[in-house]
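Residue numbers (our numbering), protein chains in the order written: chain A, 9 to 121; chain B, 217 to 332. Structure first, then comments.
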């Protein structure tokens, strides 16, 4: 299995631009998570999906952030408009049954200038 | 509020030496505790998972302990290697959503550096 796939691996953009991060979970997993990681705050859960349905988006910082999961094999996290304080590493993770561990992707390193 | 505190924040040791990382939590009701290893530039990878009834669990040179009474866990690394240089993150799961979806509360991690 290829594991969780994220793209792009790195993104540099200017303030005000739209940013779209992509994630392909492990085949057969039915839960997908989006996290943000910074040195100051560590890992923070942004949103998670169960069977393609958003269950908890309380971690999404602002309306500028949105996430979709149109099917079981693909999800996007969009930031519009982006701001310098959005600079962080964004991780996608997936898991199967509820008691199983989450498998993390390699992350997308975002820098907003 | 559910919280996970890790110490030390960072640690530097010589190759071959042992070290112990600490995790204190206030997550309740407790379900399980995981230790993740995160190499620089990569996503976290699970090392161990322990439930309430488990006191210790090993994964090669990594041994995790859990004291559910004092709400403390430790990760002991034996005979450290250069490849152990990474961040180690303690994650505690509640039986009901507390720290967020799936009831997970993350520590900020311990940054470990192994010097030759």
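Beta carbons: idealized from backbone N, C-alpha and C, even for Gly.
With 9 Å set as the bound, which would you pick, yes or no: does the beta-carbon of residue i sit closer than that to a beta-carbon of chain A?
| i | result |
| --- | --- |
| residue 322 (chain B) | yes |
| residue 262 (chain B) | yes |
| residue 277 (chain B) | no |
| residue 228 (chain B) | no |
| residue 329 (chain B) | no |
| residue 316 (chain B) | Any reading at residue 316 (chain B) needs caution, since the residue's pLDDT is 48, under 50, leaving its predicted position unreliable; the model's value is listed next. Taking Cβ atoms only, chain A reaches closer than 9 Å to residue 316 (chain B), which makes this a yes. |
| residue 293 (chain B) | no |
| residue 218 (chain B) | no |
| residue 232 (chain B) | no |
If contacts are defined as beta-carbon pairs under 8 Å, then residue i and residue j qualify, I think. What distance do you get, rounded to the angstrom?
| i | j | result |
| --- | --- | --- |
| residue 308 (chain B) | residue 268 (chain B) | Actually they are not in contact, since the Cβ atoms of residue 308 (chain B) and residue 268 (chain B) sit about 11 Å apart, beyond 8 Å. |
| residue 321 (chain B) | residue 243 (chain B) | 5 Å |
| residue 20 (chain A) | residue 100 (chain A) | That belief does not hold up - the Cβ atoms of residue 20 (chain A) and residue 100 (chain A) are roughly 19 Å apart, past 8 Å. |
| residue 241 (chain B) | residue 305 (chain B) | Not a contact, Cβ separation roughly 13 Å. |
Which residue or residues does DSSP assign as beta-bridge partners of residue i?
| i | result |
| --- | --- |
| residue 46 (chain A) | A:50 |
| residue 18 (chain A) | A:117 |
| residue 289 (chain B) | B:239, B:282 |
| residue 327 (chain B) | B:226, B:303 |
| residue 221 (chain B) | B:240 |
Between residue i and the rest of its own chain, which residues show a CB-CB distance below 6 Å, the 5 nearest in sequence each way excluded?
| i | result |
| --- | --- |
| residue 94 (chain A) | 87, 120 |
| residue 289 (chain B) | 239, 249, 282 |
| residue 292 (chain B) | 236, 279 |
| residue 284 (chain B) | 268 |
| residue 76 (chain A) | 84 |
| residue 30 (chain A) | 15, 84 |
Which residues in the same chain as residue i place their Cβ atom closer than 8 Å to its Cβ, once the five residues preceding and following it in sequence are excluded?
| i | result |
| --- | --- |
| residue 26 (chain A) | 86, 87, 88, 89, 90 |
Return no unless some Cβ of chain B is closer than 9 Å to the Cβ of residue i.
| i | result |
| --- | --- |
| residue 110 (chain A) | yes |
| residue 104 (chain A) | no |
| residue 30 (chain A) | no |
| residue 99 (chain A) | yes |
| residue 36 (chain A) | no |
| residue 12 (chain A) | yes |
| residue 44 (chain A) | no |
| residue 118 (chain A) | no |
| residue 51 (chain A) | yes |
| residue 16 (chain A) | no |
| residue 24 (chain A) | no |
Who are the near neighbours of residue i in its chain, counting only those whose CB is closer than 7 Å to its CB and skipping five residues on each side?
| i | result |
| --- | --- |
| residue 298 (chain B) | 231, 330, 332 |
| residue 96 (chain A) | 44, 45, 46, 118 |
| residue 58 (chain A) | 38, 39 |
| residue 324 (chain B) | 222 |
| residue 315 (chain B) | Note that residue 315 (chain B) scores 47 on pLDDT, short of 50, meaning its location in the model is unreliable and no value can be drawn from it. |
| residue 300 (chain B) | 293, 328, 330 |
| residue 74 (chain A) | 86 |
| residue 53 (chain A) | 41, 43, 67 |
| residue 103 (chain A) | 37, 39, 109, 110, 111 |
The segment 59 to 76 of chain A touching the segment 221 to 235 of chain B, judged by at least three CB pairs closer than 8 Å
no
Is the segment 270 to 282 of chain B in contact with the segment 106 to 120 of chain A, if contact means three or more CB pairs nearer than 8 Å?
no
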